[in-house]
Structures are given as structure tokens and as C-alpha cells.
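>
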Amino acid sequence: MTSRTAVIGAGIAGLSCARVLRRAGHYVEVFEADRIIGGRMATMRIGVVPYDHGAQYITSRSARFNDFIQELIASGYVAQWKPKLKSSEGDEQATAANWFVGVPGMSSIVRPLAESVRIHTARAVHTLSRDKKGWHVWFEDQSSVGPFAAVAVCVPAPRAQLLLGPLDEMADHISKVRMSPCWALMVRLEERILPDQDVYSDMSEVVRWIARNNTKPGRGTRGETVVVHASPSWTRETEDADPESVAEEMWGEVSHIFGLPPVRPSQMTAHLWKHGLVESSLGESFIFSTEARVGVAGDWCLGRLGEHAFESGFGLGRAITQAID
Ligand SMILES: Cc1cc2nc3c(=O)[nH]c(=O)nc-3n(C[C@H](O)[C@H](O)[C@H](O)COP(=O)(O)OP(=O)(O)OC[C@H]3O[C@@H](n4cnc5c(N)ncnc54)[C@H](O)[C@@H]3O)c2cc1C
């Protein structure tokens with residue numbers, strides 16, 4: 017059997033898994049559906065303006081993720097963000113403690129994990145199959161690569177369930193995970209018109225989060241860039257709507273919340289994260305079948321944050337290393 021491993025998904029979980037395998041001397045290939053890596057640890061450039069339309073910042077609870085953040089700070093990929101918040105004691109201004117952001121965008125966070133790893137982008141995996149030589153990865157054009165000694169499926173739970181269809185037990189296990197969609201709105205304003213805080217949460221039934229993206233370090237944008245996240249319930253109701261009308265509605269809601277003058281943003285784009293946020297997780301770091309040599313990892317295994325995804329991918333990488341060494 018070959019010791020090649022295929023990792024499906026180049027988000028922080030997949031790349032964390034790939035790094036563990038590569039550091040253990042294994043040959044790894046990552047297959048990513050999107051044209052870029054990072055998954056929901058994302059930065060979208062519209063013209064020259066970067067927006068973090070997925071994860072907003074990272075925090076660390078575990079020593080391992082804290083070490084990773086220190087590594088990112090030392091290499092200049094991450095810096096601390098101290099947005100102005102409303103303090104819990106009242107209306108006084110406060111700043112967030114220990115919030116870190118990618119520089120120049122959130123997607124920088126995965127860059128060191130991708131070093132020396134062979135990554136194929138724009139390669140959506142359609143099916144996985146297994147024969148006595150190992151695993152084969154199939155794409156939509158019916159081409160395939162393989163054999164691989166092991167496969168790490170590091171994609172959102174509903175997609176993992178589809179890919180693991182033939183392995184009923186694992187797919188059944190994953191079916192208890194719940195993920196919700198989330199609309200992200202990216203807005204550019206020529207002038208500053210929002211009130212003085214840099215982040216706002218749970219503003220209405222429609223709007224869950226508003227951030228002044230340009231207050232993050234290293235963004236260097238003129239004017240004001242704002243990222244707005246809709247609530248899961250409103251996103252569910254509007255999931256099939258066209259992005260242009262969603263953008264109008266969300267900006268209308270923000271204007272209403274703050275009583276803004278009728279200013280037309282110079283740029284406004286809505287993006288749907290179909291499987292954006294974890295509502296209920298698996299409660300295990302990862303799943304790995306030693307017999308089948310296939311495993312799953314992602315934020316949804318352990319929780320709902322970038323840190324959970326990193327830890328999950330790390331754990332799966334270690335389990336695969338032990339199985340194929
Ligand atoms: C709106 C929003 C706000 C958030 N805010 C925060 C925050 O402030 N702090 C925080 O810590 N976390 C936040 N999160 C959560 C954080 O982004 C995730 O926990 C983390 O990025 C998940 O990483 P992952 O690798 O598990 O999954 P993903 O990032 O989803 O990566 C999975 C990858 O698999 C790829 N893929 C899917 N299907 C296939 C296929 N068939 N073939 C090949 N590739 C495939 C996808 O394109 C994607 O790149 C937020 C998420 C969203 C959506």
C-alpha cells in the first residue's frame with residue numbers, strides 16, 4: 017500500500033491535518049473545490065478592497081492553538097485587533113482582549129499551514145471509492161486520482177455526509193450535526209457614517225453582526241468598509257433570494273438600526289455561506305476508522321470556531337499518521 021494521503025478541503029481543518037502529515041514525512045495531496053484556499057477563514061477582494069466576509073477574528077483557548085497564533089504573529093500573518101466595543105458595564109467604550117486577525121486578510125491565517133503541501137484548487141471532489149489498492153478520489157468530470165492509503169474529509173458536515181455515503185456508520189454519526197447558513201454583506205462607504213463603535217452584535221432579528229473591517233490592522237483602505245452578517249433565522253428565510261436584493265434589504269436594515277442618512281454605498285455585495293455556522297456539533301475531536309483508513313474533521317466536530325477546526329484537523333492528522341506509519 018502507498019502512504020499517500022488525500023485531504024479533501026483546504027480550510028483550516030484540512031490544512032492543519034495536512035501539516036501534521038507532512039511534518040511526519042508523509043506525502044499529502046489536498047483537493048479544494050474553490051479557486052482559493054482558506055474556506056470560511058476567508059478574504060474576498062472586490063476591486064482592490066479586501067473584506068473578511070467569513071470568520072472575523074480568532075481567539076485561543078488551547079496551548080496548541082495559542083502556539084500557532086504566536087507562530088503567525090512572528091511571521092507577520094496575524095496581528096491583534098482591538099476594536100472599540102460597548103462595555104458590559106454600560107455605555108462606556110471598551111476594547112476587545114486577545115482578538116487576533118489575519119494580515120492583510122483573514123485568509124492569511126492558513127498560509128503557513130499550506131507551505132510545502134501539494135494543493136489542487138478548483139477540484140471539487142464528487143465521490144470517494146475504495147479497492148484493494150486503496151482510496152480513489154473522483155471529480156465531476158469523471159476523472160480520478162489514487163490510490164491513497166488514507167483519506168481525510170475536511171469539509172462542512174452536510175458535504176462530508178454526501179462524500180461518506182458508502183460508509184453508512186460514519187455518515188449516520190455525522191447526521192446529528194446541525195449547520196446554519198449565513199448571509200455576509202460587504203459594503204464600501206466613501207465617508208464614515210456609522211456611530212463610533214467598531215463592532216456590534218445581535219442588533220435585530222435580521223442583523224447578527226456588524227464590523228468596521230477597515231479598523232483591522234493592515235487593511236489600509238480609504239473610506240469605510242463594513243461587513244454585516246445576517247442572523248441564521250433570517251438567512252434561512254431568504255436563502256433562495258438573489259444576492260442583490262438581499263444586499264439591499266440588509267443595508268436597509270443597518271440604516272434603520274442606526275438611523276443613517278440615505279447614503280448610497282459605493283459598493284455592496286452579498287455572499288451566502290451555505291453551511292456557515294455550527295448550531296450543534298458532534299462533540300468529538302474527529303472521527304477516524306482505522307480499518308477503512310478514512311476520517312473526518314472540521315469545526316463542527318468540536319464546536320464552531322476556527323480554533324475547533326484547527327484542533328480537529330490536527331487530531332485527525334495524528335490518527336492517520338499512527339495508522340499508516
Ligand atoms: C459568517 C461566519 C463568521 C464566523 N466568525 C468566526 C469568528 O469570528 N471566529 C472564529 O473562530 N470562527 C468564525 N467562524 C467559523 C470559522 O470560519 C470556521 O470554524 C472555520 O473556518 C472552519 O474551518 P473548516 O476547515 O472546518 O471548514 P471550511 O473553512 O468550511 O473548509 C472546508 C473547505 O472544503 C472545501 N470543500 C467543500 N466541499 C468540497 C468538495 N466536495 N471537494 C473539495 N473541497 C470541498 C470548501 O470549499 C472549503 O474550502 C465564522 C464562520 C462564518 C461563516
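The numbering used here applies: residue 17 is where the sequence shown begins, and numbers increase by one.
For each residue, glycine too, the CB sits at the ideal point set by N, CA and C.
1. Please check the pair residue 60 and residue 67, which I expect to be a contact at CB under 8 Å, by giving their CB distance rounded to whole angstroms.
2. Considering Cα atoms alone, identify which of 252, 71, 251 is closest to residue 122.
3. Under the criterion of a Cβ to heavy atom distance below 6 Å, does residue 24 qualify as lining ligand 1?
4. I'd like to check one pair, residue 165 with residue 19: are the Cβ atoms closer than 7 Å?
5. If we count the other Cβ atoms within 10 Å of its Cβ and call it buried at 16 or more, is residue 149 buried or exposed?
6. Is it buried or exposed, residue 178, if we count other Cβ atoms within 10 angstroms and call 16 or more buried?
7. Residues in the same chain with beta-carbon distance under 6 Å from residue 226, minus the five sequence neighbours each way, listed in chain order, please.
8. Let's test the definition: count the other Cβ atoms within 10 Å of the Cβ of residue 230 and tell me whether it reaches 16, buried, or not, exposed.
9. At what residue ranges does the stretch 166-233 contain a whole run of the beta strand (DSSP E), taking only runs of 3 or more?
10. Among 152, 205, 33, which residue has its Cα nearest to the Cα of residue 42?
11. Cutting at 6 Å between CB atoms, please list the residues of its own chain near residue 196, excluding the five before and the five after it.
12. Have a look at residue 209 and residue 115 and give me their C-alpha separation to the nearest angstrom.
13. Could you tell me which of 308, 309, 298, 341 sits nearest to residue 325, measuring between CA atoms?
14. Can you look up residue 64 in the DSSP assignment and give me helix, strand or coil?
15. Beta-carbon within less than 6 Å of residue 134's beta-carbon, same chain only, minus the 5 sequence neighbours each way: which residues are those?
16. Could you give the residue range of the alpha helix (DSSP H) that holds residue 261?
17. Give the single residue among 251, 39, 48, 310 whose Cα lies nearest to the Cα of residue 185.
18. Quick check: residue 286 and residue 263, are their CB atoms within less than 7 Å of each other?
19. Starting from residue 128, trace the alpha helix (DSSP H) both ways and give me its first and last residue.
20. Determine which residues share a DSSP beta bridge with residue 283 and list them.
21. Three-state secondary structure (DSSP) at residue 36?
Let me lay it out:
1. Between residue 67 and residue 60 the Cβ distance is about 5 Å, and since that is below 8 Å, they are a contact.
2. Of 252, 71, 251, the residue nearest in Cα terms is 71.
3. True, at least one ligand heavy atom lies under 6 Å from that Cβ.
4. Taking 7 Å as the Cβ cut-off, residue 19 and residue 165 qualify as a contacting pair.
5. Its Cβ having fewer than 16 others within 10 Å, residue 149 is exposed.
6. The C-beta of residue 178 has fewer than 16 other C-beta atoms within 10 Å across all chains shown, which makes the residue exposed.
7. In its chain, beyond the 5 residues on either side, 216, 244 have a beta carbon closer than 6 Å to the beta carbon of residue 226.
8. With 16 or more Cβ atoms within 10 Å of its Cβ, residue 230 is classed as buried.
9. The qualifying runs are 166-169, 194-205, 215-217, 223-228.
10. Of the listed residues, the one whose Cα sits closest to residue 42 is 33.
11. The answer, listed in chain order, is 248, 293, 295.
12. Each residue's Cα considered, the two are about 25 Å apart.
13. When C-alpha distances from residue 325 are compared across 308, 309, 298, 341, the shortest belongs to 298.
14. Coil, per DSSP.
15. Taken in chain order, the residues that qualify are 45.
16. Its alpha helix (DSSP H) spans residues 259-274.
17. Between residue 185 and the set 251, 39, 48, 310, the nearest pair of CA atoms involves 310.
18. Yes, they are a contact pair.
19. From DSSP, the alpha helix (DSSP H) with residue 128 extends over 127-130.
20. When DSSP reads this structure, residue 283 sits in a beta bridge with 204.
21. Per DSSP, reduced to three states, the secondary structure at residue 36 is helical.
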